[in-house]
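A.B. asks: Here's a structure for you.
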Amino acid sequence: MAKVLIADKAAAGAVSAARQILQEAGLGVEYLKNGPKEIDELEPGPLEKRLGGVKYIIGRSGFRTVGEGHKFVDAANDLSLVVRAGSGTNNHDGDYLVRKNVILENTPGRNANAVAELALAYVLAGARNVVQADRSMRRGDFQRSRFAGREVRGSTLGIVGYGNIGRMLTEKAKALGMEVLVYDPMVSEDVISKGGARKVELKECFSSSDYVSLHIPANGNQGLVNSAILGSMKEDAMLINTARAEVVDQEAILKHIQSNRSFRYAVDVHSADVEKNGRPSPFVASNTDQIIITPHLGASTGEANLEALTQAARQVVAYHSDGRIENAVNYVEIPDDQKGYIPLAQALGAFGASLTKGKNVKVMKLRYSGDLAGKNTDGLTNYVVSRLLQDSVDGVTPMNAGVIAAENGLGLSQETSEATNGYTNKMNFEIETDKGKTNVAGTMFGDTHLRIVEVDGVKLEFEPGDNMAVIRHDNTPGMIGYIGTALSEAGINIHALTTAPNEDYAITVLRADQPLEGGALESISAKLGTKMAYMAPIQL
Numbered sequence: 265m266a267k268v269l270i271a272d273k274a275a276a277g278a279v280s281a282a283r284q285i286l287q288e289a290g291l292g293v294e295y296l297k298n299g300p301k302e303i304d305e306l307e308p309g310p311l312e313k314r315l316g317g318v319k320y321i322i323g324r325s326g327f328r329t330v331g332e333g334h335k336f337v338d339a340a341n342d343l344s345l346v347v348r349a350g351s352g353t354n355n356h357d358g359d360y361l362v363r364k365n366v367i368l369e370n371t372p373g374r375n376a377n378a379v380a381e382l383a384l385a386y387v388l389a390g391a392r393n394v395v396q397a398d399r400s401m402r403r404g405d406f407q408r409s410r411f412a413g414r415e416v417r418g419s420t421l422g423i424v425g426y427g428n429i430g431r432m433l434t435e436k437a438k439a440l441g442m443e444v445l446v447y448d449p450m451v452s453e454d455v456i457s458k459g460g461a462r463k464v465e466l467k468e469c470f471s472s473s474d475y476v477s478l479h480i481p482a483n484g485n486q487g488l489v490n491s492a493i494l495g496s497m498k499e500d501a502m503l504i505n506t507a508r509a510e511v512v513d514q515e516a517i518l519k520h521i522q523s524n525r526s527f528r529y530a531v532d533v534h535s536a537d538v539e540k541n542g543r544p545s546p547f548v549a550s551n552t553d554q555i556i557i558t559p560h561l562g563a564s565t566g567e568a569n570l571e572a573l574t575q576a577a578r579q580v581v582a583y584h585s586d587g588r589i590e591n592a593v594n595y596v597e598i599p600d601d602q603k604g605y606i607p608l609a610q611a612l613g614a615f616g617a618s619l620t621k622g623k624n625v626k627v628m629k630l631r632y633s634g635d636l637a638g639k640n641t642d643g644l645t646n647y648v649v650s651r652l653l654q655d656s657v658d659g660v661t662p663m664n665a666g667v668i669a670a671e672n673g674l675g676l677s678q679e680t681s682e683a684t685n686g687y688t689n690k691m692n693f694e695i696e697t698d699k700g701k702t703n704v705a706g707t708m709f710g711d712t713h714l715r716i717v718e719v720d721g722v723k724l725e726f727e728p729g730d731n732m733a734v735i736r737h738d739n740t741p742g743m744i745g746y747i748g749t750a751l752s753e754a755g756i757n758i759h760a761l762t763t764a765p766n767e768d769y770a771i772t773v774l775r776a777d778q779p780l781e782g783g784a785l786e787s788i789s790a791k792l793g794t795k796m797a798y799m800a801p802i803q804l
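Sequential numbering from 265 applies to the sequence shown in the working numbering.
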């Protein structure tokens, strides 16, 4: 029985619901009621015993595979899927999981309403000075006039990041009569306007808003809110961060608060040092009522727990039952309209491996044209590269091919073009080695008929299959006769053969009735002698 480990403590009702979904699918379930601390301090022997046989892991923010968390992945030697019950995955090392052939998924949107409501709670608390007034009362002061606030109706909320949370927050803010400005370069103006907001540039979002709420990932946005951005905000503005600690320059916040006594900052996300190691937030030492600090409460509601954990369980069942991958973070799912190209991608990789055998590959470039132009072809590229490397690199798969290529210092790029070159679609695989460049290109006719249409710069056409060889030789009379004689003497029959020249040489591709190896290859080499530049047996 495959085993699922729920590796983070969660609300009892959420765990019970997730357990029921998993068990009904025939899966065994183990729950760490104290979270990863139950296994965190174990020595290698007990750790391996506890995690050995675990095929799937469901975790929240506490379970980590980054840094020292690699030991969990190493110990779970049967692991194939980790599902983060939530949206943020900065507590996971996606590349390391890929290297171990482990898929990482998340459950985006399941916590969105909870986070949006918390952000709105900050807006209301900031408008009415709720936290500051509470602290004052607890000190024995009763100063109503000091904490006179303002209504949020008619004020402006700036939202940075228009994903699930940003859209829900927009809806709630509009219901309160707020104007909403949105900065998100990846979302069109039409989509934002339909949601009742106005799309603006980053500077205007900060300078024109009374409240600014952050809902963006850390990757690519580290230090986005810096001294310059803070300096552009209104004196009595409020910044809300329920996204990621790294998005905001903490030192800049502390300096800005010291010089601007009306500015307020609400923060629910903290550095790993604070969240994992339990060290105090640097904002606590500031001892100011201008900062509201909460311990990462964004998704901490019973409803959000239930939504995220049960969705994670459903995704585990989907993968276990029929291999369906949902919300993958470190794996590129190939769209249905591209799956028919997988055999062609594998064929290009096989030809590339044969053409470069014995050479040091340096750079690989994929070019997609025609029907494939403008599409995300990462998945197809992974298939090409994995087939190229599978004979020389252990453990490579279409899931981890890109990571392994990078680990081995191989440059990889891809581009698309609408130019058809006479074909409805075309894939060209160019490889640079220490001996020069070579390429192989192919196309698909219909749904099932694939053709190789170029090898080593020579245009020709043939259907790839077993028992093939590519021969580069002089473009002189008698070459095909030599090849035919050599195979005849070796007792091998030619099923198909095509040849085409360019200015300097010719390429012959043949397919035989049995593997081309040993004596057959030696016989061809002997017949062609110095007239042959190379011969590459192809195994698809």
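Just so you know, even glycine gets a beta-carbon here, dropped at the ideal spot from N, CA and C.
May I have the straight-line CA-CA distance separating V660 from Q575, to the nearest angstrom?
C.D. replies: Locating residue 660 in the sequence shown gives position 396, where the first residue counts as 1. Locating residue 575 in the sequence shown gives position 311, where the first residue counts as 1. The straight-line gap from Cα to Cα measures roughly 30 Å.
A.B. asks: Let's see if you can read the secondary structure: which residues bound the alpha helix (DSSP H) around P607?
C.D. replies: Position 343 of the sequence shown holds residue 607. Where P607 is concerned, the enclosing alpha helix (DSSP H) starts and stops at 606-619.
A.B. asks: Using 10 angstroms around the beta-carbon of R324, count the other beta-carbons present and answer buried if the total reaches 16, otherwise exposed.
C.D. replies: Counting from 1 along the sequence shown, the entry for residue 324 is found at position 60. Answer is buried; the Cβ neighbour count reaches 16.
A.B. asks: Please report the straight-line C-alpha distance between G805 and A274, rounded to a whole angstrom.
C.D. replies: Here the chain comprises residues numbered 265 to 804, so residue 805 is not present and cannot be evaluated.
A.B. asks: Using C-beta distances below 7 Å, list every residue in its chain close to N664, excluding the 5 sequence neighbours before and after it, in chain order.
C.D. replies: On the sequence shown, position 400 is the one that residue 664 refers to. Closer than 7 Å at the Cβ level, and outside the excluded window around N664, lie V362, R363, N365.
A.B. asks: Could you tell me how far apart the beta carbons of T329 and D359 are, in whole angstroms, since I believe they sit closer than 8 Å?
C.D. replies: Residue numbering aside, residue 329 sits at position 65 when the sequence shown is read from its first letter. Residue numbering aside, residue 359 sits at position 95 when the sequence shown is read from its first letter. The pair is not a contact, with the Cβ atoms about 10 Å apart (cut-off 8 Å).
A.B. asks: Give me the Cα-Cα distance between A750 and I716, rounded to the nearest whole angstrom.
C.D. replies: Position 486 of the sequence shown, counted from the first residue, corresponds to residue 750. Position 452 of the sequence shown, counted from the first residue, corresponds to residue 716. Distance between the alpha carbons of A750 and I716 is about 25 Å.
A.B. asks: Tell me the start and end of each unbroken beta strand (DSSP E) in the segment 368-433 that is at least 3 residues and wholly inside, in chain order.
C.D. replies: 420-424
A.B. asks: Decide if the segment 558-569 is in contact with the segment 408-428; the criterion is three or more beta carbon pairs, one per stretch, under 8 Å apart.
C.D. replies: no
A.B. asks: Starting from the Cα of T684, find the closest Cα among S656, H713, R631 and give me that residue.
C.D. replies: The residue you call residue 684 lines up with position 420 of the sequence shown. With distances taken between Cα atoms, T684 lies closest to R631.
A.B. asks: Short check: CB of V318 to CB of L269, under 8 Å?
C.D. replies: Here the question's residue 318 lines up with position 54 in the sequence shown. Here the question's residue 269 lines up with position 5 in the sequence shown. Their beta carbons are under 8 Å apart, which means V318 touches L269 by this criterion.
A.B. asks: Helix, strand or coil, according to DSSP, for M442 in the structure here?
C.D. replies: By one-based count along the sequence shown, residue 442 stands at place 178. Reduced to three states, the DSSP call for M442 is coil.
A.B. asks: Less than 8 Å separating the beta-carbons of S477 and D500?
C.D. replies: Residue 477 sits at position 213 when you count from the first residue of the sequence shown. Residue 500 sits at position 236 when you count from the first residue of the sequence shown. A distance of 8 Å or more separates the beta carbons of S477 and D500.
A.B. asks: Out of curiosity, what's the CA-to-CA distance linking F726 and T762?
C.D. replies: For this step, residue 726 is matched to residue 462 along the sequence shown. For this step, residue 762 is matched to residue 498 along the sequence shown. Looking at the two C-alpha atoms, the distance is approximately 7 Å.
A.B. asks: For M497, count neighbouring C-beta atoms within 10 Å of its own C-beta (all shown protein chains included) and say buried if the count is 16 or more, exposed if not.
C.D. replies: Taking the sequence shown and counting its residues from 1, the one referred to as residue 497 is at position 233. In summary, M497 is buried, with 16 or more beta-carbon neighbours lying within 10 Å of its beta-carbon over all protein chains present.
A.B. asks: Which ranges does the beta strand (DSSP E) cover as unbroken runs of at least 3 residues, wholly within the segment 657-737, from first to last along the chain?
C.D. replies: 675-681, 689-697, 700-709, 713-719, 722-726, 732-737
A.B. asks: Whole angstroms is fine: what's the gap from G390's alpha carbon to V511's?
C.D. replies: Stepping through the sequence shown from its first residue, residue 390 is reached at position 126. Stepping through the sequence shown from its first residue, residue 511 is reached at position 247. Looking at the two C-alpha atoms, the distance is approximately 21 Å.
A.B. asks: Starting from L774, trace the beta strand (DSSP E) both ways and give me its first and last residue.
C.D. replies: Looking up residue 774 in the sequence shown gives position 510. That run of the beta strand (DSSP E) goes 770-776.
A.B. asks: Measuring CB to CB, does R736 end up less than 8 Å from D720?
C.D. replies: In the sequence shown, residue 736 corresponds to position 472, counting from 1. In the sequence shown, residue 720 corresponds to position 456, counting from 1. For the pair R736 and D720, the CB atoms are nearer than the 8 Å cut-off.
A.B. asks: Please state whether the Cβ-Cβ distance between P801 and S618 is less than 8 Å.
C.D. replies: Locating residue 801 in the sequence shown gives position 537, where the first residue counts as 1. Locating residue 618 in the sequence shown gives position 354, where the first residue counts as 1. Yes; because the gap between Cβ atoms is below 8 Å, this pair is in contact.
A.B. asks: Determine, using beta carbons only, whether M743 and L774 come nearer to each other than 8 Å.
C.D. replies: Taking the sequence shown and counting its residues from 1, one reaches residue 743 at position 479. Taking the sequence shown and counting its residues from 1, one reaches residue 774 at position 510. Not closer than 8 Å, so no.
A.B. asks: Spatial neighbours of S419 within its chain, please: C-beta separation below 8 Å, excluding the five flanking residues on both sides.
C.D. replies: Taking the first residue of the sequence shown as 1, we reach residue 419 at position 155. The residues are A391, M442, E443, D474, Y475.
A.B. asks: At the level of alpha carbons, what is the spacing between D777 and E294?
C.D. replies: Your numbering for residue 777 matches position 513 in the sequence shown. Your numbering for residue 294 matches position 30 in the sequence shown. Distance between the alpha carbons of D777 and E294: 54 Å.
A.B. asks: Report the option in T641, S400, P300 whose CA atom is closest to the CA atom of E679.
C.D. replies: Residue mapping note: residue 679 aligns to position 415 of the sequence shown, counting from 1. In terms of CA proximity to E679, T641 leads the group T641, S400, P300.
A.B. asks: Give me the residue from Y798, K458, V464, Y320 with the minimum Cα distance to G809.
C.D. replies: With the chain covering 265 to 804 only, the question about residue 809 has no answer from this structure.
A.B. asks: Closer than 8 Å, CB to CB, is A784 near chain C or not?
C.D. replies: Looking for chain C here will not work: only one protein chain is present.
A.B. asks: Three or more beta-carbon pairs under 8 Å between the segment 592-609 and the segment 632-651, yes or no?
C.D. replies: yes
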